[in-house]
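Following: one structure in structure tokens, then a few remarks.
Protein chains: 2
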Amino acid sequence: MPESPLAPLFEPPYWVVVFSSQRTEGDHGYGAMAEEMERLVAQQPGYLGMESVRAADGAGITSAYFRAEADARAWKQVARHLEAQRLGREQWYRGYRVRVAKIEREYGWDRE
Amino acid sequence: MPESPLAPLFEPPYWVVVFSSQRTEGDHGYGAMAEEMERLVAQQPGYLGMESVRAADGAGITSAYFRAEADARAWKQVARHLEAQRLGREQWYRGYRVRVAKIEREYGWDRE
Numbered sequence: 001m002p003e004s005p006l007a008p009l010f011e012p013p014y015w016v017v018v019f020s021s022q023r024t025e026g027d028h029g030y031g032a033m034a035e036e037m038e039r040l041v042a043q044q045p046g047y048l049g050m051e052s053v054r055a056a057d058g059a060g061i062t063s064a065y066f067r068a069e070a071d072a073r074a075w076k077q078v079a080r081h082l083e084a085q086r087l088g089r090e091q092w093y094r095g096y097r098v099r100v101a102k103i104e105r106e107y108g109w110d111r112e
Numbered sequence: 001m002p003e004s005p006l007a008p009l010f011e012p013p014y015w016v017v018v019f020s021s022q023r024t025e026g027d028h029g030y031g032a033m034a035e036e037m038e039r040l041v042a043q044q045p046g047y048l049g050m051e052s053v054r055a056a057d058g059a060g061i062t063s064a065y066f067r068a069e070a071d072a073r074a075w076k077q078v079a080r081h082l083e084a085q086r087l088g089r090e091q092w093y094r095g096y097r098v099r100v101a102k103i104e105r106e107y108g109w110d111r112e
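If you read the protein sequences in the order shown, they are chains H and D. Residues 1 to 112 (my numbering) make up the first sequence, in order. Residues 1 to 112 (my numbering) make up the second sequence, in order.
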């Protein structure tokens, strides 16, 4: 896990997959799979970084950053990720949204 | 507040402002301003919806959706929002990132 939950800036244009979700109750293997997916996505071609937040009420947003649109598309089709998507619908999520977007500009600020 | 934390799908192309942040300790007026900003953004031209999550450790991601790029730009310049941005740097955040992106495709799933 990165020291800061904030990813660095990556210089547009690049792509983001925004995954927003609402979890069901209980773990049911979710935590282990989430960690596995975090390791796996980091090995994908064109992967730049991610930011991921889940609130106590089970709402979550994960932003995964890729250099190219094709990189984002390829990640969706990775076999173990497809399996995670299937299990997500079967057990882990009440609902989710996936939005794929091209980042056109960015800025950031850090204290100190 | 919406019943579900997930925004509906809005039909691309549209724009997202992804605001990721790490809070400082304590409230210092943050909660009230966050609610005010949530009401204010909902009145902006071209505003479509938002999703917002904050974890117990202070990491947060908010996605605000707008029909056009100009709508997202205009929101950044709303006077009371500029004031909130100033106070954010002064007190509320350890750091933040803002990424403005054009949504090219989307899909979603809901249980039942």
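Positions of the beta carbon are idealized from the N, C-alpha and C atoms, including for glycine.
Does the Cβ of Pro8 (chain D) have 16 or more other Cβ atoms within 10 Å, making it buried, or fewer, making it exposed? One-based indexing of the second sequence puts residue 8 (chain D) at position 8. Exposed, because fewer than 16 other Cβ atoms sit within 10 Å of the Cβ of Pro8 (chain D).
Would the beta-carbon of Phe19 (chain H) fall within 9 Å of that of Gly60 (chain H)? As a position in the first sequence, residue 19 (chain H) is number 19, starting the count at 1. As a position in the first sequence, residue 60 (chain H) is number 60, starting the count at 1. Yes, they are a contact pair.
For Gln22 (chain D) and Pro5 (chain H), believed in contact at Cβ under 8 Å, the rounded distance: Stepping through the first sequence from its first residue, residue 5 (chain H) is reached at position 5. Stepping through the second sequence from its first residue, residue 22 (chain D) is reached at position 22. Indeed, because the Cβ distance is near 6 Å, the residues count as touching under 8 Å.
Validate contact between the region 82 to 91 of chain D and the region 76 to 91 of chain H using beta carbons, cut 8 Å, 3 pairs: no
Report the option in H:Ala101, H:Trp92, H:Gln77 whose CA atom is closest to the CA atom of Leu40 (chain H). Within the first sequence, residue 40 (chain H) is the residue found at index 40, counting from 1. If we check each option's Cα against that of Leu40 (chain H), H:Gln77 comes out closest.
Which same chain residues end up closer than 6 Å to Gly108 (chain D) when comparing Cβ atoms and leaving out the 5 residues on each side of it in sequence? The sequence position of residue 108 (chain D) within the second sequence is 108, counting from 1. Closer than 6 Å at the Cβ level, and outside the excluded window around Gly108 (chain D), lie Leu9.
Alpha carbon to alpha carbon, what distance is there between Glu69 (chain D) and Ile103 (chain D)? Start at 1 with the first residue of the second sequence, and residue 103 (chain D) comes out as number 103. Start at 1 with the first residue of the second sequence, and residue 69 (chain D) comes out as number 69. Looking at the two C-alpha atoms, the distance is approximately 11 Å.
To which residues does DSSP link Thr62 (chain D) through a beta bridge? Taking the first residue of the second sequence as 1, we reach residue 62 (chain D) at position 62. Answer is D:Phe19, D:Ser52, bridged to Thr62 (chain D).
Residues within the region 85 to 112 of chain H neighbouring chain D, beta-carbon criterion of under 8 Å: Arg89, Tyr93, Arg94, Gly95, Tyr96, Arg97, Val98, Arg99, Val100, Ala101, Lys102, Ile103, Glu104, Arg105, Glu106, Tyr107, Gly108, Trp109, Asp110, Arg111
Chain H contacts made by the region 22 to 36 of chain D, where a contact means CB separation under 9 Å: Gln22, Thr24
Is the closest heavy atom of the ligand GTP to the C-beta of Ala59 (chain D) under 8 Å? This structure simply doesn't include the ligand GTP, nor any ligand for that matter.
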